[in-house]
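Data first, discussion second: the structure below is written as structure tokens.
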Amino acid sequence: MIAQIIIKYKWQIIAFVGILLCSSIWFLPQLKTNIEFSNFFPKGDKELLYYNKITKKLGNNDHFIAIAIVPEKTVFDYNFLKKVDQFTKESAKIPNIESASSITNLSRYSNSLFGLFPIPYIHLDQEEKVKQDSILIYKNYELTQQYIDRDASCVIVIIKLKENLTMETNDSIITQVENLLMKYAFHETHIMGKKLIEVYYKRLMSSELSMSILGSISFIILLLALFYQSLKESVLPLIIMVITLLIFYGFLAFTGRSLGIMSSLYPTIILIAGISDSIHILNKYKLEINNGHSSQSAISKVIHEVGMSLFLTSLTTAIGFLTLTTSVMPALQKFGIEASISITLAFLISILLLPALLLVLPNKKKKKSVLTILSWSSISNWIYQIVTKKKRWVLGLTIICILISFIGMSKINTNNLQMANIPNSHTLKKDYAYFDQNLGGARSFELIIKIKDSTLINQAENLKDIRKLHDYLNTIPSLHYVVSPITYYHGISKIYEDNLSSLDITSSDRQLNKYEKRISGYTKNKKWKLVDSSLKYGRITARIPDLGRKEVKKLNDQINKWIGQEMNTSRMDFQFVGMDLMIDHGHEHRINNMIWGILLAIIVITTLIGILFKQFNLVIIILIANVIPLIIIAGLMGFFGIELRGTTSIIFAVGFVIAVDDTIHFLSKYQIERKKGFSVNQSIETTLLEAGKAISITSVILFGGFIVLLHSAFGDIYYVGFMVSFMVLFTLLLDLFLVPVLLQLLYKTKK
598 MIAQIIIKYK WQIIAFVGIL LCSSIWFLPQ LKTNIEFSNF FPKGDKELLY YNKITKKLGN
658 NDHFIAIAIV PEKTVFDYNF LKKVDQFTKE SAKIPNIESA SSITNLSRYS NSLFGLFPIP
718 YIHLDQEEKV KQDSILIYKN YELTQQYIDR DASCVIVIIK LKENLTMETN DSIITQVENL
778 LMKYAFHETH IMGKKLIEVY YKRLMSSELS MSILGSISFI ILLLALFYQS LKESVLPLII
838 MVITLLIFYG FLAFTGRSLG IMSSLYPTII LIAGISDSIH ILNKYKLEIN NGHSSQSAIS
898 KVIHEVGMSL FLTSLTTAIG FLTLTTSVMP ALQKFGIEAS ISITLAFLIS ILLLPALLLV
958 LPNKKKKKSV LTILSWSSIS NWIYQIVTKK KRWVLGLTII CILISFIGMS KINTNNLQMA
1018 NIPNSHTLKK DYAYFDQNLG GARSFELIIK IKDSTLINQA ENLKDIRKLH DYLNTIPSLH
1078 YVVSPITYYH GISKIYEDNL SSLDITSSDR QLNKYEKRIS GYTKNKKWKL VDSSLKYGRI
1138 TARIPDLGRK EVKKLNDQIN KWIGQEMNTS RMDFQFVGMD LMIDHGHEHR INNMIWGILL
1198 AIIVITTLIG ILFKQFNLVI IILIANVIPL IIIAGLMGFF GIELRGTTSI IFAVGFVIAV
1258 DDTIHFLSKY QIERKKGFSV NQSIETTLLE AGKAISITSV ILFGGFIVLL HSAFGDIYYV
1318 GFMVSFMVLF TLLLDLFLVP VLLQLLYKTK K
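Reminder that position 102 of the sequence shown reads as 699 in the numbering used here, one-by-one numbering, no gaps.
Structural data, given as structure tokens:
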């Protein structure tokens, strides 16, 4: 039925796909990118809800960008400070920048008969006062430490971006800041910030992915040409893949969907699905043509024998991806839906457009291919001899590989350093290393204090406890530049009592309330606060190096233990928050989701295969043959020191649903041969000869295409190349050697 429709309406199918392609290309410029870490936070998670609540009360630092400017001589060089001041002022004028502040425009308040008036820390209009100003800056270092380091080796400009801006707008702002830094040509600069990471990640992903895809496609074309030595058969699979990719991206643009961090996997998925489907169609088509059938007859045979297995593999793969929609993370839900759509598109275009093109293109006389030169019949016969006469060797080697892989799995690193994905040579990694080594750390530490009883945070008994905690945090080697409500109230007290020692606060509750009311008019519009307006919530912040998720958790546990022993928790609650902590939380959720996602995908896919094949033995074989590659890859990750993080954990689920395709093709062909009345061994022999050839070509081409990605220094691209290429290779070996052995063992009593 489908074959007849394709034969009859081949030109209409080509025209329809052409129109669809042109429409998609038209919509492509509207495709947007949205790389926000918040999309990986678990929806409805209590920690996320608390973080959002605190953000409304106290604000957050997610929209701040810090620029460390290192002078050629000293930070208190007058000309250098003038230059920093001009840069700060120009930065503030960039559209969508809310404010820009540095030590050059930072002021302290002084009390007078006429009220408070600001006094700049640096008198840029009086060069002779700069030395005296420097003394005052370090005398009030608790208040100025965010803008200058203790060694006076650099000054820091803090830029506040407006909130809820698009990725394109943030990219534009970063570009303008970068251009401004180039204009001023400072001796040395370093920059950090959450929005900066998102922008740089987007740029890296775009450039590296484009180059990597181009390299993969070029290598795949070369392999196709070597295998087929025919322009038509070399180019057609790539044409199908490119058309699918463009139509898919056009669909995303048309429906208003955006590309996220996970989008780097879409070309991989479409490449694997499109190439695989196309090669199976081409191989069967060539076989029928070489057997003397006409194009129409060959297409009918292809649809009848290969079409069902292609439908089955596409269906199981799409359903496998749809299991990701059970995740609590919006990004994974979105990825699951879009990945299943891409698989469906790849199947439809392969099964409709490729046969239509084969019907209208001329058939040339068969040329001797590299695969023929290598004599696949001899190779398949060699494999057949091994799987029939040396079953124990195959099983023994498989078990040894599994045991070695378990050792590797025990070595897997799940610490999740934030910069692990970024190439060592990239500016972003160097800048973050500078903040880690010289400015206390590029990561933020945040601890929220909540007053539970009827007292307020600014009362002496509470401030006494908070001061005790503040002092303890200052003793922890990995925490730097600690700022808390103590810092805030010390700053207020110092306006009226200039002789106060470091971090001391006026001892009178009444006096402190009076001071705070006077200063409130100057601070009420600030979005980022250390104490909220209700005086029930306070925040302690610090800088911390990128120690990794697990090390930060140990540190937080240590602090929690101290709080439990030393603080009055009946009066105050303490909870860690912050974007960095939420990113860690997201990694942990994705790793856990990966385990459940794979289990769910296995259950759903094996159930579906069981229903369609109606043979429990085949389900067991598919399960064994496709779980083992996951174990081996996990082992290799441990041995090679590759982090198990959010992105790499998803590739396991992707790898399983894709790897199962070749096994289904192999077993589908085996079933066809069994239905013809052949014995188990005869069916295995024919399956190795025909289906084995197709899955070998597919796997070698995909392995070659993805192994090219190992050239990339960008973590996500490298991991995709490593994990997918080796997963494809191991699945092929298991399909060719282990699956036939399992078929013989499970069907040994059947004639």
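Glycine residues also receive a C-beta, built at the ideal position from the N, C-alpha and C atoms.
Just so it is clear, the structure is predicted and the values come from calculations on it, not from any experiment.
- Glu1282 and Tyr981 do touch by the CB rule: their CB atoms are close to 5 Å apart, below 8 Å.
- Distance between Phe783 and Lys728, taken at the CA atoms: about 22 Å.
- Ala612 counts as exposed, since fewer than 16 other beta carbons sit within 10 angstroms of its beta carbon.
- Ala870 carries a helical assignment under DSSP once its states are collapsed to helix, strand and coil.
- Counting C-beta pairs with one atom in each stretch, the region 715-728 and the region 1055-1065 have fewer than three that are closer than 8 Å, which means they do not touch.
- Per DSSP, Asn708 is not a residue of any alpha helix (DSSP H); the beta strand (DSSP E) it occupies stretches across 704-709.
- Per DSSP, Phe1334 lies in no beta strand (DSSP E) segment and is marked neither H nor E.
- Gln1172 carries a strand assignment under DSSP once its states are collapsed to helix, strand and coil.
- Its chain contains Ile1045 as the residues whose beta carbon lies nearer than 6 Å to that of Gln1172, once the 5 sequence neighbours on both sides are disregarded; these appear in chain order.
- Inclusion of Ile719 and Thr701 in the CB contact set at 7 Å is warranted, their separation being smaller than that value.
- DSSP assignment within the region 781-847 yields the following whole beta strand (DSSP E) runs of 3 residues or more, N-terminal first: 785-789.
- Here Leu1306 is buried, its C-beta having at least 16 other C-beta atoms within 10 Å.
- Straight across, the Cα-Cα distance linking Glu1148 with Thr1204 is about 41 Å.
- Out of Leu758, Lys759, Tyr744, the CA that lies nearest to the CA of Val752 is found in Tyr744.
- Pairing Phe1263 with Asp1332 gives a Cβ-Cβ distance under 7 Å.
- With a 10 Å radius around the Cβ and a threshold of 16 neighbouring Cβ atoms, His901 comes out exposed.
- CA-to-CA, the gap between Gln1268 and Ile1218 works out to about 13 Å.
- Counting the other CB atoms within 10 Å of its CB gives Gln1034 a total below 16, which places it among the exposed residues.
- From the listed residues Lys670, Val672, Arg1168, the smallest Cα separation to Ile1048 is found for Arg1168.
- Taken atom to atom, the span from the alpha-carbon of Ser1293 to that of Leu1329 is near 7 Å.
- If the five residues before and after Asn767 are omitted, its C-beta is found closer than 6 Å to the C-beta atoms of Lys792, Val796, all from its own chain and listed in chain order.
- Our two residues, Phe673 and Asn657, have alpha carbons roughly 31 Å apart in a direct line.
- In this structure, Ala1291 lies away from His890, with their beta-carbon atoms at least 7 Å apart.
- Take Ile1195, set aside five residues on each side of it, and the residues of its chain with a beta-carbon closer than 8 Å to its own are Leu1227, Phe1249, Ala1250, Phe1253, in chain order.
- For His901, the enclosing alpha helix (DSSP H) stretches over residues 892-902.
- The beta carbon of Leu1285 is closer than 6 Å to those of Ser977, Ile980, Tyr981 in its chain, skipping five residues each way along the sequence.
- Cβ-Cβ distances below 6 Å link Leu655 to Lys1126, Asp1129, Arg1136 in the same chain, with the five nearest sequence neighbours on each side left out; the list follows chain order.
- By the criterion of a C-beta distance shorter than 6 Å, Ala870 is surrounded in its chain by Ile940, Ala943, once the five residues flanking it on both sides are discounted.
- Taken through DSSP and simplified to helix, strand or coil, Lys1126 comes out as coil.
- With 16 or more neighbouring CB atoms inside 10 Å of its own CB, Val1317 falls in the buried class.
- For Ile1239, there is no enclosing beta strand (DSSP E), as DSSP marks it with neither H nor E.
- Counting C-beta atoms within 10 angstroms of its own C-beta, Pro1337 has 16 or more neighbours from the protein chains shown and is therefore classed as buried.
- For Leu994, the enclosing alpha helix (DSSP H) starts and ends at 988-1006.
- Contact check for Ile788 against Ile666 fails: the beta carbons are separated by 7 Å or more.
- Under the three-state reduction of DSSP output, His1077 falls in the strand class.
- In the structure shown, Lys757 falls within a strand segment according to DSSP collapsed to helix, strand and coil.
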